[in-house]
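Numbering (the numbering used here), first residue to last: 171 to 551.
The structure appears below as structure tokens.
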Ligand SMILES: Cc1ncc(COP(=O)(O)O)c(C=O)c1O
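Printed below as a string of structure tokens:
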């Protein structure tokens with residue numbers, strides 16, 4: 171049996187989520203926009219799901235838009251705002267160098283449409299400094315986008331401080347919360363986010379569905395022109411089974427998030443203790459101790475003290491039946507050093523001798539034991 175320690179890339183679907191989805195693939199196959207009873211039944215399900223998610227996040231249901239996942243939700247917010255912006259003087263966007271490509275590449279693309287971009291580098295633990303953001307804001311700044319938690323390090327940014335700076339300067343604030351939802355309390359209203367995004371497959375739900383939260387006072391352009399779905403902001407027949415799955419995944423989180431967090435922290439502590447006892451000073455935890463997600467541990471093995479097959483650690487672990495991420499979180503096929511690790515000051519050799527372990531609801535103590543044992547064998551310690 172494979173041991174899966176790559177839950178920040180995607181999670182195993184919870185059986186209860188799968189059960190909640192199946193009827194919408196078998197019996198209830200209508201179209202939510204149809205006027206007959208099959209259609210109406212599905213419309214009710216979609217609106218109930220919106221309410222469930224809104225109540226979980228503490229927002230109004232009309233501030234929730236269903237999307238095909240985190241990538242689309244980020245594109246929707248950023249491009250929607252940029253394209254609706256009639257004030258040609260507001261042509262400046264700020265983001266960090268360690269955003270997920272769904273944010274970074276979207277913002278860089280907007281150069282083509284006349285926007286100027288400022289990028290902020292993180293500190294050595296992967297935090298984006300609110301003061302650095304403030305220095306870059308000008309009267310022309312339209313948007314600041316800073317992720318809540320980084321997908322490779324788990325570092326959690328002080329989004330409240332950043333949003334306060336944005337409010338003071340009348341700048342819109344977007345935060346990619348794809349990794350933080352379910353791993354800590356995420357409240358867009360309390361944190362002062364104008365936009366936030368989530369993805370079902372990171373919280374034991376299905377792939378291909380997520381949401382954008384948009385504060386009701388922010389105006390953006392519609393994303394897909396089409397049949398007027400999602401209050402005419404995102405055309406296209408709704409992914410009803412996916413939405414049913416997301417609803418169930420959120421209902422489960424409401425019940426089990428606290429226990430999940432205790433479980434992640436417990437496994438992470440065991441993992442750190444075991445790795446330290448085997449590798450001593452030759453292992454470095456790149457994820458900090460404070461303001462960090464409970465489920466992510468990014469680890470570098472010292473390539474100057476041990477013989478490390480560079481970039482191959484995830485491949486060698488895979489051969490031993492253990493799945494983790496290496497080079498880059500979302501495109502782990504790549505053998506390039508992780509951009510995030512380089513941005514926080516690691517040299518190339520060290521970055522290529524690093525792995526990201528991300529724990530999930532279904533992991534057990536044996537899994538972290540197996541990882542430590544496998545690393546010991548691979549590095550001949
Ligand atoms: C921080 C972050 N944002 C966005 C995404 C993309 O989400 P999705 O796979 O739902 O498009 C990911 C996926 O890894 C992520 O980690």
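Built from N, CA and C at the ideal position, the CB exists for glycine as well.
None of the values given here were measured: they were computed from a predicted structure.
Query raised in the report: Residues bridged to residue 344 by DSSP?
Result: DSSP, once it has assigned bridges, lists 315 and 365 as partnering residue 344.
Query raised in the report: Beta carbon of residue 528: closer than 6 Å to some heavy atom of ligand 1?
Result: No.
Query raised in the report: Helix, strand or coil: how does DSSP classify residue 499 here?
Result: Confidence at residue 499 is low in this model, with a pLDDT of 43, below 50, so the placement of that residue should be treated as unreliable; the coordinate-derived value is given next. Residue 499 falls in the coil class under three-state DSSP.
Report task. Taking 8 Å as the threshold, find out whether the segment 383-392 comes into contact with the segment 232-250 through three or more Cβ pairs. Result -> As far as the Cβ criterion goes, the segment 383-392 touches the segment 232-250, which means the pair count is three or higher.
Report task. Would you mind reading off the limits of the beta strand (DSSP E) that contains residue 526? Result -> Start and end: 524-528.
Query raised in the report: Less than 6 Å between the CB of residue 276 and some heavy atom of ligand 1, yes or no?
Result: No, ligand 1 has no heavy atom inside 6 Å of this Cβ.
Query raised in the report: Which residues in the same chain as residue 479 place their Cβ atom closer than 7 Å to its Cβ, once the five residues preceding and following it in sequence are excluded?
Result: Only 486 meet the Cβ criterion.
Query - Exposed unless 16 or more other CB atoms sit within 10 angstroms - verdict on residue 181 - result: With 16 or more other Cβ atoms within 10 Å, it is buried.
**Report entry** Rounded straight-line distance, which links the Cα of residue 295 to that of residue 358
**Finding:** When rounded, the distance between both Cα atoms is 24 Å.
Report task. Rounded to whole angstroms, what's the CA-CA distance from residue 297 to residue 369? Just pull it up for me. Result -> Going by the C-alpha atoms only, they are around 22 Å apart.
Report task. Quick one: measure Cβ to Cβ for residue 524 and residue 541, integer angstroms, because I've assumed they're closer than 8 Å. Result -> That belief does not hold up - the Cβ atoms of residue 524 and residue 541 are roughly 14 Å apart, past 8 Å.
Requested in this report: Out of 336, 222, 530 and 476, state which residue places its alpha-carbon closest to the alpha-carbon of residue 546.
Outcome: Cα-wise, what sits closest to residue 546 is 476.
Query raised in the report: In terms of residue numbering, what span does the alpha helix (DSSP H) encompassing residue 246 cover?
Result: It spans 240-254 - the alpha helix (DSSP H) in which residue 246 sits, taken as one unbroken run.
**Report entry** Own chain, CB closer than 7 Å to residue 452, minus 5 neighbours either side, in chain order
**Finding:** Its chain contains 471, 472, 475 and 476 as the residues whose beta carbon lies nearer than 7 Å to that of residue 452, once the 5 sequence neighbours on both sides are disregarded; these appear in chain order.
Query - Cutoff 7 Å; reference residue 537; Cβ partners in own chain excluding five residues on either side - result: 173 and 175, listed in sequence order.
Report task. Under 8 Å by Cβ, that's how I've got residue 287 and residue 277 pegged, so tell me the actual separation to the nearest angstrom. Result -> Distance from residue 287 to residue 277 at the Cβ level is roughly 6 Å; contact confirmed, criterion being Cβ atoms closer than 8 Å.
Query raised in the report: Does the Cβ of residue 321 lie closer than 6 Å to at least one heavy atom of ligand 1?
Result: With a cut-off of 6 Å, the C-beta of residue 321 is classified as near ligand 1, since at least one heavy atom of the ligand falls inside that distance.
**Report entry** residue 240 CB to nearest heavy atom of ligand 1 below 6 Å
**Finding:** Correct: residue 240 has its Cβ closer than 6 Å to ligand 1.
**Report entry** Reduced DSSP secondary structure (H/G/I, E/B, other) of residue 174
**Finding:** The answer is strand: DSSP assigns residue 174 an E or B state.
Query raised in the report: Leaving out five residues before and five after residue 419 in sequence, what residues of the same chain have Cβ atoms less than 7 Å from its Cβ?
Result: If you ignore the 5 residues before and after residue 419, its C-beta comes within less than 7 Å of the C-beta of 184, 187, 370, 373, 374 and 375, all in its own chain and listed in chain order.
Report task. Output the residue ranges of the beta strand (DSSP E) runs that lie fully inside the segment 377-456 and measure 3 residues or longer, sorted by chain position. Result -> Here the runs fully enclosed are 380-384 and 453-455.
Requested in this report: Using only alpha-carbon positions, find the residue among 309, 318, 205 and 530 that is nearest to residue 433.
Outcome: Per the C-alpha coordinates, the member of 309, 318, 205 and 530 positioned closest to residue 433 is 530.
Requested in this report: Provide the residue span of the beta strand (DSSP E) that contains residue 468, from first to last.
Outcome: Note, residue 468: beta strand (DSSP E), 466-471.
**Report entry** N- and C-terminal bounds of the alpha helix (DSSP H) containing residue 288
**Finding:** Element bounds for residue 288: not the alpha helix (DSSP H) but the beta strand (DSSP E), 286-290.
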